[in-house]
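There are 2 protein chains.
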Amino acid sequence: MDSGLTYREAGVDLEAAARAKARLGELVEQTRTEAVAAGFGSFGGRFRAAAGRELVASADGVGTKLKLAFMTGRHDTVGIDLVNHCVNDILTEGAVPLVFMDYFACGVLDPDTVVAVVSGLAAACRENGCALLGGETAEMPDFYGAGEYDLAGFVVGQIEFQAVADREIRTGDRIVGLASSGLHTNGFSFVRRLLFDRLGLAVSDSLPGVDASVGEVLLRPHRSYLEVLKGSCAAGVVRGLAHVTGGGIPGNLGRVLPKTLSARVRVSAWTPPPEFQFLSDESGASRDEMYRTFNMGIGMLAIVSSEDETGFRQVVEGSGCATYPCGEIVEGDGSVIMEWT
Amino acid sequence: MDSGLTYREAGVDLEAAARAKARLGELVEQTRTEAVAAGFGSFGGRFRAAAGRELVASADGVGTKLKLAFMTGRHDTVGIDLVNHCVNDILTEGAVPLVFMDYFACGVLDPDTVVAVVSGLAAACRENGCALLGGETAEMPDFYGAGEYDLAGFVVGQIEFQAVADREIRTGDRIVGLASSGLHTNGFSFVRRLLFDRLGLAVSDSLPGVDASVGEVLLRPHRSYLEVLKGSCAAGVVRGLAHVTGGGIPGNLGRVLPKTLSARVRVSAWTPPPEFQFLSDESGASRDEMYRTFNMGIGMLAIVSSEDETGFRQVVEGSGCATYPCGEIVEGDGSVIMEWT
């Protein structure tokens, strides 16, 4: 027996970490693609891009949506949120994902939790044709509450859709909204404050106006738009994409507009799903606040020519994603004009 | 006045975030290299690698060394730790860094803190010739203690040193240890438990046997070995590199050994700096535990041919890094044999 201070005594269990690592290795292996050049366990993951192709990288976190995973004990969806969020981000730059890496940090490592989280990451990586190249699992005593963790991710992709990358947007182009699958990963501090602190709801309560529990509605995974958009992007139909995340439509659509153009968005073109209506009614938040905080039912905005609009919508709807023709591009100054009536 | 619930009330201050973001943009701009293809503020950062070159990615965190930043109020060194850690990791795969992205998460965003952290990231990126391509700054109420944060990073590089990447290691090759600059980023949960909980020291106390305060010694930044090694790597002299992080020499040297070779490490070849001696004496930890938890004075191990050993050491010492000829490669099974006497 070693009577001295050991690393385990100091709160770090290297053996539990090793056991989890073996299971993580299997999950990672299932996501292997031809882009991956070397195996798991080295100091860095090797991969290849197509020769001369421009690359795009993005970092993101899940944010306080993680608290819903803690409250429900369901840890296999937050990884899907994270991967899809990252994939959507680089898609707006015309890129398809090659590799993904995660950062998972907790106070005390629970192997089942980390394996559930990584199983979500791996499932979403497979869906998006992206390799889970590895990551960092950090056990940090005194940083995270019992059963809590933080999760961040990094994606690298290569540009395949040049019109999207170059933002070939012109006056008269149409804006098409693609339906979100729920709240995605934004506005959760607001939601938690309202539903749990103010209204005193539990995750197992049914959400009024919605045929599902609070936990089910809030944990619905952030969808990836890669599969429903890649055909139209490859055909050169899509000229610009804006991922509706923190800041909502007004805060994100402007990020892809040339400085000489503006976007008019007709809010009446779609009806926000009932969970957004409930959040609006119960919070008393202003309309502006709601549309800056939440996606309000539209997770991605695509800009296409007026001639392509109908065909584009048919393709996307045929892939199982509802669309809303909700605006157009006009001469302007890079601003987003929300038309409320 | 809006009487409804606002995002700010829910603990997220978007304006403070925007102010910090502007200052971060300037810091990022200072790290721009020719690899960077597009500016700050888009959904993803664009960059280019040399055509056909294999890429390497790695993710890492700072770990509980962050607590020392919180205790001392000094936030401009942890970013250096993180970048240099990541750069060293991919160097062991023969890669030089192209771009770095960070993930910074806190409970309430303090603009001065995040700017100090990113100034450290940017300084280290400039030192390593790597662009700080962007990152994610997450404000997550109820996740982090007041004044606390977590910090993770992600690097992408391209392989330039093929002998290192291919691990062209042979029987009779020599192992040369390169001096660390202190504890680097490992063993901090152990250190905090011992120095603060057991011994009751404060960060401003002087560390017995060391002519500096506890805070100064513990916060010394993790050094990058890119500058002192790149000439020898480019000349094909270096055949293998192991970054001594969590797991110490026994846990990391084996990661780069072919399955048919083993490494003999003569521990008597160097004297661990006094801070390691102090940690050993005061903790009563076993020798094995000490060498698995800490780098013990050697932050990187290089494998070179016996003919190249002297010349290699002269070059590295001439660049300002002490070296220790501490072992050799023998026929074996991929194991690391620590020779204690």
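Here the protein sequences line up with chains A and B, keeping their order. Those letters in the first sequence? Residues 33 to 373, per the numbering used here, in order. Those letters in the second sequence? Residues 33 to 373, per the numbering used here, in order. Don't be surprised by glycine CBs; every beta carbon is placed ideally from N, CA and C. These numbers were taken from a predicted model, which means no experiment stands behind them.
* Asked: Can you check whether the CB of VAL348(B) is closer than 8 Å to the CB of VAL269(B)?
  -> no
* Rounded to whole angstroms, how far is the Cβ of GLU171(B) from the Cβ of VAL140(B), which I believe are closer than 8 Å? -> 7 Å
* Taking GLY280(A) as the reference, give the member of THR373(A), ILE369(A), VAL146(A) and GLY343(A) with the closest Cα. => ILE369(A)
* For chain A, is any of its Cβ atoms less than 8 Å away from the one on GLY95(B)? -> yes
* **Among ALA101(B), ALA155(B), PRO129(B) and GLY105(B), the one whose alpha carbon lies nearest that of THR63(B)** => ALA155(B)
* Measure from the C-beta of ARG51(B) to each C-beta in chain A and report whether the shortest distance is under 8 Å. => no
* With DSSP collapsed to three states, give me the class of HIS275(A). => strand
* SER90(B): contacting residues in chain A (beta-carbon distance under 8 Å) -> PHE75, GLY76, GLY77, MET133 and GLY166
* To do: Verify whether the separation of the beta carbon atoms of VAL131(A) and PHE79(A) is less than 8 Å.
  => yes
* To do: Could you run through the stretch 172 to 188 of chain A and flag, in chain order, every residue whose CB is less than 9 Å away from some CB of chain B?
  => MET172, PRO173, ASP174, PHE175, TYR176, GLY177, GLU180, ASP182, ALA184, GLY185, PHE186, VAL187 and VAL188
* Asked: Does DSSP put GLY241(B) in a helix, in a strand, or in coil?
  -> coil
* 6 Å Cβ shell around PHE381(A) - same chain, five flanking residues per side excluded -> This structure does not reach residue 381(A), given that chain A is present from 33 up to 373, and the question cannot be answered.
* To do: Tell me whether PRO143(B) counts as near the ligand FAD, meaning its Cβ is closer than 7 Å to at least one heavy atom of that ligand.
  => For the structure depicted, the ligand FAD is absent and the ligand set is empty, with no information on it obtainable.
* **Contact the stretch 214 to 231 of chain B vs the stretch 89 to 105 of chain B: 3+ CB pairs below 8 Å** => yes
* To do: Output, in sequence order along the chain, the residues in the stretch 254 to 285 of chain A whose CB is closer than 7 Å to any CB in chain B.
  => HIS275
* **Neighbourhood of GLY247(A) by C-beta, 8 Å cutoff - its chain only, sequence neighbours within 5 removed** => LEU100, MET103, THR104, ARG106, VAL235 and SER236
* Give me whichever residues DSSP pairs with CYS358(A) in a beta bridge. => None; CYS358(A) has no bridge partner.
* **Closest by C-alpha distance to ASN120(B), when choosing among SER338(B), GLN190(B), ALA274(B) and CYS265(B)** => ALA274(B)
* Asked: Which chain B residues are close to ALA156(A), counting only those with a beta carbon under 9 Å from its beta carbon?
  -> Near ALA156(A) there are no residues of chain B at all, since even the closest Cβ is about 17 Å away, more than 9 Å.
* Asked: Quick one, which residues of the stretch 210 to 224 of chain A are near chain B if we go by CB-CB under 7 Å, in chain order?
  -> SER221 and PHE222
* To do: Taking C-beta pairs closer than 7 Å, name the residues in chain B that GLU86(A) reaches, listed in chain order.
  => ALA69, ARG78 and ARG80
* Minimum Cβ-Cβ distance from ILE201(A) to chain B less than 8 Å -> no
* Asked: Can you find a CB in chain A that lies within less than 8 Å of the CB of ASP121(B)?
  -> yes
* **ASP92(A) (DSSP reduced to helix, strand or coil)** => strand
* **Residues that ALA83(A) contacts on chain B, provided the C-beta gap is smaller than 8 Å** => ALA83 and GLY84
* CB GLY209(B) to CB CYS358(B), shorter than 8 Å? -> yes
* What's the C-alpha gap between ALA148(A) and ALA178(A)? -> 17 Å
* **Residues of the stretch 98 to 120 of chain B whose Cβ lies closer than 9 Å to any Cβ of chain A, in chain order** => LEU98, LYS99, CYS118 and ASN120
* Comparing the C-beta of SER35(B) with each C-beta of chain A, is any distance below 8 Å? -> Confidence at SER35(B) is low in this model, with a pLDDT of 42, below 50, so the placement of that residue is unreliable and no value is reported for it.
* To do: Taking ASP320(B) as part of the alpha helix (DSSP H), name the residues at either end of that continuous run.
  => 319 to 325
* To do: Please name the residue in THR292(B), ALA81(B) and CYS118(B) whose C-alpha comes closest to that of TYR257(B).
  => CYS118(B)
* **Contained beta strand (DSSP E) runs [length at least 3] in the stretch 204 to 267 of chain A, N- to C-terminal order** => 206 to 211
* To do: Could you tell me how far apart the beta carbons of GLY272(B) and VAL196(B) are, in whole angstroms, since I believe they sit closer than 8 Å?
  => 7 Å
* What's the gap between the Cα of LEU183(A) and the Cα of ALA267(B)? -> 40 Å
* **For GLY286(A), the three-state DSSP class (helix, strand or coil)** => helix
* Pull up the distance between the alpha-carbon of LEU311(B) and that of ASN327(B), whole angstroms please. => 12 Å
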